[in-house]
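Colleague: As you go down the protein sequences, you meet chains A and B in turn. Numbering (our numbering) for the first sequence: 1 to 479. Numbering (our numbering) for the second sequence: 1001 to 1440. Don't be surprised by glycine CBs; every beta carbon is placed ideally from N, CA and C.
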Amino acid sequence: MLDSALRQIFQKACPKDAEFASLRFHRDRDDNVSVRQDILQPLSTSYDEGVMVTVHSKGGIGYGATSELTESGIKTAFSHAMEWAKRSRDLTVTDYSKIPMPHPKGTFKSPVKKPWDSTPLKDKVERLMALSKTMKVNPKIVDWSADLWHNRSERLYLTNEGGEVSQDFDRLVPMLRVTANEGAETQSRTFGHMAVCRQQGLELLDESNFFEMGKVLADEALQLLAAPNCPAGVMDLLLAPDQMVLQIHESIGHPLELDRILGDERNYAGTSFVTLDMFGKFQYGSPLLNVTFDPTRPEQSASYAFDDDGTKAERQFLIKDGVLMRPLGGQISQARAGMPGVANTRADSWRRPAIDRMANLNVEPGTSAFEDMVQSVKKGIYMRTNTSWSIDDSRNKFQFGCEWAQLIEDGKLTKVVKKPNYRGISASFWKSLKMVGNPSTFEVLGTPYCGKGEPNQAVFVGHATPPCLFGQVDVFGGE
Amino acid sequence: MQQYFNDLADFANTKLKGDEVYTAFLSGEDSDFCRLSGAKVRQAGNVKQNSLSFRLIEGRKHAEASISLAGSKEEDQRRLETLIKSLRDQVKEVPDDPHLLYATKVNSTERVQPNDLPDARDTISRVTQKTKGLDLVGVYAAGGVHRGFANSFGQRNWYQTHSFNFDWSFYLRADKAVKTGYAGFKWQDAEFGQKVEDAKAQLAVLGKEPRTIKPGRYRVYIAPGALCEVTDLMSWGGFSMKAHRTKQTPLLKMVEGNQHLHPSVTISEHTAGGISPDFSSSGFTKPERVTMIQEGRYKDCLISARSAMEYKVETNGAHEGESPMSLELGAGSLAQANVLGELKDGIYLNNLWYLNFSDRPACRVTGMTRFASFWVENGQIKQPLNVMRFDESVLRMLGENLVGLTKERELILSSSSYGQRHTVSNHLPGALVDDFSFTL
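Put into structure tokens, the structure is as follows:
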């Protein structure tokens, strides 16, 4: 009903003297159900809808975004867009009129088996409550919670030359947190916050063993409380998939964003140690490293058929056998840089313009069994679940921390240690990749919290990965 | 918009049944954004949005939802009525909430600031002219921001401001840049021009051969813009009642142990000195000041309505996240003019970047130097610094290793705009610190 009205308004309001015009409509619903310390927290649902219209006119560019979905509201948005386009002529980073924009047709829908609304609210609350009650296993457990976040996003994209794309996304983010304390020491274990997030329905809860994880995390938090600090030294480092997510994201994903390489993000998210001349020849990692931009794995959190500039999304290798192949850059960045990229221009909502983003950025599986990776290590450490991330503005010098670690001694997982951290330099770190987990170890993960852009925006991204083993990394612990 | 909101609130009153009550919070803006790269326009446009959060309460049961407003009275009344019916169905299904608390004593307020902003497009024309030939990158955001509260008891609060925030950097090459900002309520070409000249002067120093330092401990001056990153990280639970009671505060050693900050450190939430509204989404009014750390010792927490019920204490109007909105660090006695002389040999940090905890219970943080940071010798700026990673405890940085805080302070208005333009501010001095640890 609204879609049909929007088409009509778009036809009427679309400025005829613009070379390119588009309307992007978003209707989002976010449901949050949370139980903390066996008490249901306030239920909250957000219904958010609005449009962004964009014009390219005589070289200039402008947009108007509004939650006023009336004819006058959208006409006003177009007049803002046209006024900005007019005033930005001769002041823009590129002649926008010369960039051919797609006018696509198509649809996309998340592969949901058990929709969010197929289960009554009461059942969801009862299951979370039962899960919460498994987590307080000891008086030292001082806080615990179980949450479900459901996001449904319907999008319609129209262009002035008949393009029309409709895409419906359904995402689920299950989350658990358990905190144990004794005196001035506190340790937490979490599930989901930074890694488990997919375009799936409630079937994800069983597939990820969500309801069994409460007690496991509580036991692990207590083990950490009693554990010694992570030792300091140079050693082999085995990263679990839920830490690989962060490692890929920060030290491959962000440096390969073409808008960063072109300099657009230098004032906020930063630049990149990668330069345009490195594509096609730079040895980014060891020959075991293969990284894809893969929007085709339907259950992954950032799969789609078209990006927000209407470019058809296709799987591409960004790094092949360790060599840097192509950047994460959409239609406009590709035109500015004069090189091919991928369909990754995305906006987090109707209120923000689309920019180059990660979507699904995956490390392809290798050939090693998990046990073989452990057995290959004489002195090393196995780390799981990110808790701290920091990297320089060129995406080179990083320091990451995990919630959980176990030493690897003479090919065996041994003592649990707390506060594990490691640091390195992106440009050399991936060259120390020694072993990559096989398909049986591969996990489809993702995060809803990738922040970037001016004005700021946060998007869902996906990272599927096996565990990976790195040689001779600088590891250390807490105070 | 104020009248529109009040009319919608009155309409909501007519849709309540029995003992139902409601609270409503409006958040909106009408902003222009212009993104610049290489002193040219990358993206520019206008965003107009209004979102209404509505909580329906019956006894101790409640449910909450938010809707975006369409801007037509009939449509928004229809959306609100549908929402109330849906919340009523949810309220029937939920158990009593022992931690529910909302204001019942009516305390209506209004704070409206006039619009003195120039047309954003005119401003951008002047900016691009003034900075011609320089590699400028950043974002200009300007326009009206408003917040409103209403409840079924008749309380009405309104906050409206018109501000601009131009957050930008001048780049010399690669990662060598000077970051600065100009924010306020009335654009002054002369003031902007002075900031451009100051930044250009720093650019000249950046042209010198950069220095790479070895990991180790150094005496540093942390300018207010850099210190802001530290106080932002401390705000990740550091001042929250819930984080304190659940032992997740990074200041745990100040609460459970016997550690204190330097006696010259007093940190407060100074609502009267910031630009945030003085009312919460539960309808409570914030006091002018809450002192969290007084003369180096932990004093009070920020307490949301929910924490107040849970921990049986009084709320001080904090939002649910219990982080400061208008943080103030008291001034010290070090004159800004003497900073380089007092630093003598060390590092002048204009900006820090991407801070995170490397040991949260010990409040140890890691992060990077960024933008114009300088090597200083014998009280003179000698060379720009290549970026370095630090890893240091805030308890040491603002405790035993703090040499002094400056007399002069900067009011830093946040340029954050996730979802909407934010109203967070920090009022901070600079800090001279000994034995600051660089690691990579």
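Beta carbons nearer than 8 Å to chain A: which residues of the segment 1346-1364 of chain B have them?
Modeller: TRP1353, TYR1354, LEU1355, ASN1356, PHE1357, SER1358, ASP1359, ARG1360, PRO1361, ALA1362 and ARG1364
Colleague: Starting from A:GLU83, trace the beta strand (DSSP E) both ways and give me its first and last residue.
Modeller: A:GLU83 -> not in any beta strand (DSSP E); alpha helix (DSSP H) instead, spanning 71-88.
Colleague: Could you tell me the boundaries of the beta strand (DSSP E) in which A:PRO111 lies?
Modeller: From DSSP, A:PRO111 is part of no beta strand (DSSP E); its letter is neither H nor E.
Colleague: Report buried or exposed for B:ASN1115, applying the criterion of at least 16 other Cβ atoms within 10 angstroms of its Cβ.
Modeller: exposed
Colleague: Counting only runs that start and end within the segment 366-429 of chain A, where is the beta strand (DSSP E) found for 3 or more residues in a row?
Modeller: Whole beta strand (DSSP E) segments, 3+ residues: 379-391, 397-409, 412-417 and 421-425.
Colleague: With burial defined as no fewer than 16 other Cβ atoms inside 10 Å of the residue's Cβ, what is the status of B:ILE1213: buried or exposed?
Modeller: exposed
Colleague: How about the segment 381-397 of chain A and the segment 165-174 of chain A: do they share at least three Cβ pairs that are nearer than 8 Å?
Modeller: The segment 381-397 of chain A makes no contact with the segment 165-174 of chain A, as fewer than three CB pairs between them are under 8 Å.
Colleague: Please report the residue range of the beta strand (DSSP E) in which B:LEU1349 lies.
Modeller: 1346-1359
Colleague: Could you tell me which residues DSSP pairs with A:ALA458 in its beta bridges?
Modeller: A:GLY451
Colleague: Would you say B:ILE1367 reaches chain A, if we count a Cβ-Cβ gap shorter than 8 Å as a contact?
Modeller: Going by the sequence as given, residue 1367 of chain B is Gly instead of Ile. Against chain A, the CB of B:GLY1367 has a partner CB under 8 Å away; the residue lies at that interface.
Colleague: Can you check the segment 277-310 of chain A for any beta strand (DSSP E) of at least 3 residues that lies completely inside it and give the ranges in chain order?
Modeller: 291-293
Colleague: Can you tell me which of the three DSSP states B:PHE1025 falls into?
Modeller: strand
Colleague: Determine, for A:ILE391, whether the minimum Cβ-Cβ distance to residues of chain B falls below 8 Å.
Modeller: yes
Colleague: Straight-line CA distance for B:MET1447 to B:GLY1404?
Modeller: Nothing can be reported for residue 1447 of chain B: it is not among the residues displayed for chain B, which extend from 1001 to 1440.
Colleague: Beta carbons nearer than 7 Å to chain B: which residues of the segment 46-60 of chain A have them?
Modeller: Answer in chain order: SER46, TYR47, ASP48, GLU49 and GLY50.
Colleague: Taking 8 Å as the threshold (C-beta atoms), are B:LYS1344 and B:ASN1316 in contact?
Modeller: No, they are not a contact pair.
Colleague: Is the beta carbon of A:ILE261 closer than 8 Å to that of A:VAL291?
Modeller: no
Colleague: Could you check where the alpha helix (DSSP H) with B:PRO1429 kicks off and where it finishes?
Modeller: Element bounds for B:PRO1429: not the alpha helix (DSSP H) but the beta strand (DSSP E), 1425-1438.
Colleague: Applying a beta-carbon distance threshold of less than 8 Å, which residues of chain B neighbour A:ASP95?
Modeller: Result: empty, since nearest Cβ-Cβ is about 11 Å, beyond 8 Å.
Colleague: Could you please give the first and the last residue of the uninterrupted alpha helix (DSSP H) stretch that includes B:VAL1106?
Modeller: Counting along the chain, B:VAL1106 falls outside any alpha helix (DSSP H), and DSSP gives it neither H nor E.
Colleague: Which same chain residues, not among the five before or five after B:VAL1047, have their C-beta less than 6 Å away from its C-beta?
Modeller: SER1031
Colleague: How many Å lie between B:GLY1143 and B:HIS1162 at the Cα?
Modeller: 5 Å
Colleague: Closest to A:GLY415 by C-alpha separation, out of A:TRP404, A:ASP242, A:ILE425 and A:TYR422, would be which residue?
Modeller: According to the sequence displayed, residue 415 of chain A carries Lys and not Gly. Of A:TRP404, A:ASP242, A:ILE425 and A:TYR422, the residue nearest in Cα terms is A:TRP404.
Colleague: What ranges does the alpha helix (DSSP H) occupy inside the segment 1356-1399 of chain B, keeping only unbroken runs of at least 4 residues that lie completely in it?
Modeller: none
Colleague: Starting from A:PRO174, trace the beta strand (DSSP E) both ways and give me its first and last residue.
Modeller: Element bounds for A:PRO174: 164-182.
Colleague: Output the distance between the C-alpha atoms of B:SER1276 and B:HIS1270, rounded to the nearest integer angstrom.
Modeller: 10 Å
Colleague: Have a look at A:GLU371, A:ARG351 and A:LYS378 and flag the residue whose alpha-carbon is nearest the alpha-carbon of A:GLU454.
Modeller: Selected option, being the one with the closest Cα: A:ARG351.
Colleague: I want to verify the contact list: residues of chain B whose CB lies under 7 Å from the CB of A:SER44, in sequence order.
Modeller: GLU1064 and ALA1065
Colleague: According to the neighbour-count rule (16 or more other Cβ atoms, all chains shown, within 10 Å of its Cβ), is A:ALA240 buried or exposed?
Modeller: buried
Colleague: Would B:ARG1297 be called buried (16 or more neighbouring beta carbons within 10 Å of its own) or exposed?
Modeller: The residue in question, B:ARG1297, is exposed, as its Cβ has fewer than 16 Cβ neighbours within 10 Å.
Colleague: Since A:PRO287 and A:SER426 are thought to touch, with beta carbons under 8 Å apart, how far apart are those beta carbons, to the nearest angstrom?
Modeller: 17 Å between Cβ atoms; not a contact.
Colleague: With the cut-off set at 8 Å, would you say A:GLU185 and A:LEU225 are in Cβ contact?
Modeller: Contact: yes.
Colleague: So within the segment 309-363 of chain A, which uninterrupted alpha helix (DSSP H) runs reach at least 4 residues, ignoring any that extend past its ends?
Modeller: 331-337
Colleague: If we ignore side chains and look at the alpha-carbon of each, how far apart do A:GLY462 and A:GLN300 end up?
Modeller: 6 Å
Colleague: Let me know the secondary structure DSSP gives B:LEU1036 once reduced to three states.
Modeller: strand
Colleague: I need the straight-line Cα distance from A:PRO467 to A:VAL137, nearest angstrom please.
Modeller: 30 Å
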